[in-house]
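Heads up: the structure comes next, in structure tokens.
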Amino acid sequence: MTNVYTKKSEDTWNAIAKSFDSTRRKPWIECIDFINNLSKESLVADIGCGNGRHLIPCAKQCKKVFGVDVSEELLKIVQKKITENNLSNVELMHSEAVNIPIKDNLVDAVLYIATMHNIPQRYRRLKSLMEINRILKKDGEAIISVWSRWQDKFRQHFIKKCLTNVNRKEFGDIDIYWRQHGLDISRFYHLYSKRELQNDIKQAGLDLIKIDGVKYFSKNYFDNYFAIVKSN
Amino acid sequence: MKKEMLDILCCPTCKGDLELEIKKEDEGEIIEGSFTCKKCNCTYSIDEGIPNLLPK
Chain A
1 MTNVYTKKSE DTWNAIAKSF DSTRRKPWIE CIDFINNLSK ESLVADIGCG NGRHLIPCAK
61 QCKKVFGVDV SEELLKIVQK KITENNLSNV ELMHSEAVNI PIKDNLVDAV LYIATMHNIP
121 QRYRRLKSLM EINRILKKDG EAIISVWSRW QDKFRQHFIK KCLTNVNRKE FGDIDIYWRQ
181 HGLDISRFYH LYSKRELQND IKQAGLDLIK IDGVKYFSKN YFDNYFAIVK SN
Chain B
233 MKKEMLDILC CPTCKGDLEL EIKKEDEGEI IEGSFTCKKC NCTYSIDEGI PNLLPK
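Protein sequences, first through last, are from chains A and B.
Using my numbering, the first residue of the first sequence is number 1, and each one after it goes up by one.
Using my numbering, the first residue of the second sequence is number 233, and each one after it goes up by one.
What follows is the structure, given as structure tokens:
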């Protein structure tokens, strides 16, 4: 039977897929820079490809792209975009980051964008990073992005959590509601500190090349971290 | 999904090689079918061209 966390995640993203797609049109510049530096011969896996906002530009640049997502509804949206863009070098798979159905040492690069922070339980997030290390060829590179814990919007929440007993949940866990187009659906997030992201990357056996904080919505504190890592 | 994906995909759980059974094909694209893991015997379906490889 499918894992309870996977099932919950699948249901959540299926429910908000259309609404999410209408608000997530623009790719992130950090990710486009990474894609533009890949060779035209590259095989790339986009783990948690969502609505395909990075997968489509990647398919235009690289030889082959494999898109993995837990939500069937999001995959249907991507499939439509593949047809609209007349692309024949994309293969989609309905699966998850914690158990990637791709053979060892196969891809030259991985996109792991805004996905890991939606996985409950630290051991599962760590496993997803190990999976990325496993599917990457030697010296293959991945770009990983996660939301930052101490960004302006959630800073007060986590400062309060520091001062009270957090119980059961792992520190950094938070339910964030999707309230658009008449929907009101909670999504699991684990927001990262820079140190935690660095530690998890290291523990998964990946080499950290660089890590940058960016401010998309925050005025004072980083809201996202982008890490470039290398397999070994 | 193209047939060549057999060289790319593995069982999400045990990473074993998969065996492909085609039920419906259209211009080289597999529309309906299934995979069976040669190692752990788990089966996975292919629906509307997309393999469902969520762990069982």
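Glycine is no exception: its CB is placed at the ideal position from the N, C-alpha and C atoms.
Close Cβ partners of residue i (< 6 angstroms) along its chain, the five nearest in sequence each way excluded
{"i": "valine 68 of chain A", "result": "Ile47, Met93 and Ser95"}
{"i": "asparagine 14 of chain A", "result": "Ser71 and Glu73"}
{"i": "valine 98 of chain A", "result": "Arg124, Lys127 and Ser128"}
Under 7 angstroms from the C-beta of residue i: neighbouring residues of chain B
{"i": "leucine 183 of chain A", "result": "Those do not exist, as leucine 183 of chain A stays about 24 angstroms from chain B at its closest Cβ, beyond 7 angstroms."}
{"i": "leucine 106 of chain A", "result": "Ile240"}
Close beta carbons around residue i, own chain, < 8 angstroms, minus the five adjacent residues each side
{"i": "lysine 26 of chain A", "result": "Arg53"}
{"i": "proline 283 of chain B", "result": "Met233, Met237, Leu241, Phe267, Tyr276 and Ser277"}
{"i": "proline 57 of chain A", "result": "Pro27, Ile32 and Ile35"}
Chain-ordered neighbours of residue i on chain A, where CB pairs are closer than 8 angstroms
{"i": "threonine 245 of chain B", "result": "Asn99"}
{"i": "lysine 234 of chain B", "result": "Glu91"}
Nonlocal neighbours in the same chain, by C-beta distance under 7 angstroms from residue i, ignoring five residues either side
{"i": "cysteine 274 of chain B", "result": "Cys243, Thr245 and Lys288"}
{"i": "isoleucine 102 of chain A", "result": "Ala45, Phe66 and Ile135"}
{"i": "cysteine 31 of chain A", "result": "His54, Leu111, Ile113 and Ile143"}
{"i": "threonine 12 of chain A", "result": "Ile185 and Arg187"}
{"i": "histidine 117 of chain A", "result": "Val146, Trp147, Tyr189, His190, Leu191 and Tyr192"}
{"i": "phenylalanine 154 of chain A", "result": "Ile174 and Leu191"}
{"i": "aspartate 200 of chain A", "result": "Arg125, Leu126 and Leu129"}
{"i": "cysteine 269 of chain B", "result": "Cys243, Cys246, Gly248 and Leu250"}
{"i": "asparagine 133 of chain A", "result": "Ala204, Gly205, Leu206 and Ser231"}
Segment limits, beta strand (DSSP E) that includes residue i
{"i": "methionine 93 of chain A", "result": "90 to 94"}
{"i": "valine 107 of chain A", "result": "107 to 113"}
{"i": "valine 78 of chain A", "result": "Careful: valine 78 of chain A lies outside any beta strand (DSSP E), inside the alpha helix (DSSP H) at 72 to 84."}
{"i": "asparagine 224 of chain A", "result": "224 to 230"}
Chain B contact residues for residue i, given Cβ-Cβ distances below 8 angstroms
{"i": "isoleucine 102 of chain A", "result": "Ile240, Leu241 and Cys242"}
{"i": "leucine 75 of chain A", "result": "Ile282"}
{"i": "phenylalanine 66 of chain A", "result": "Ile240"}
Proximal residues of chain A, C-beta to C-beta of residue i below 9 angstroms
{"i": "asparagine 273 of chain B", "result": "The contacting residues do not exist; asparagine 273 of chain B stays about 16 angstroms from chain A at best."}
N-terminal and C-terminal residue of the alpha helix (DSSP H) that residue i is part of
{"i": "valine 146 of chain A", "result": "No alpha helix (DSSP H) contains valine 146 of chain A, which is instead part of the beta strand (DSSP E) from 136 to 147."}
{"i": "valine 4 of chain A", "result": "4 to 23"}
{"i": "cysteine 58 of chain A", "result": "55 to 61"}
{"i": "cysteine 162 of chain A", "result": "152 to 163"}
{"i": "glutamate 264 of chain B", "result": "No alpha helix (DSSP H) contains glutamate 264 of chain B, which is instead part of the beta strand (DSSP E) from 261 to 269."}
{"i": "isoleucine 102 of chain A", "result": "No alpha helix (DSSP H) holds isoleucine 102 of chain A; DSSP gives it neither H nor E."}
{"i": "leucine 197 of chain A", "result": "194 to 203"}
{"i": "phenylalanine 171 of chain A", "result": "Phenylalanine 171 of chain A -> no alpha helix (DSSP H), and no H or E assigned at all."}
Neighbouring residues, chain A, relative to residue i (Cβ below 7 angstroms)
{"i": "leucine 290 of chain B", "result": "Beyond the ends of chain B as shown, which are 233 and 288, falls residue 290 of chain B; an answer cannot be given."}
Cβ distance (whole Å) where residue i is taken to contact residue j below 8 angstroms
{"i": "asparagine 51 of chain A", "j": "aspartate 152 of chain A", "result": "About 26 angstroms separates the two Cβ atoms, so there is no contact after all."}
{"i": "lysine 235 of chain B", "j": "isoleucine 262 of chain B", "result": "6 angstroms"}
{"i": "lysine 63 of chain A", "j": "glutamate 41 of chain A", "result": "5 angstroms"}
Beta carbon proximity, residue i to chain E, threshold 8 angstroms
{"i": "isoleucine 159 of chain A", "result": "Of the chains in the structure shown, none is chain E; the protein chains are A and B."}
Cβ-heavy atom distance, residue i to the ligand SAH, below 7 angstroms
{"i": "isoleucine 102 of chain A", "result": "Among the components of this structure there are no ligands whatsoever, and the ligand SAH is therefore not found."}
Does the stretch 2 to 21 of chain A touch the stretch 171 to 183 of chain A, meaning 3 or more C-beta pairs lie closer than 8 angstroms? yes
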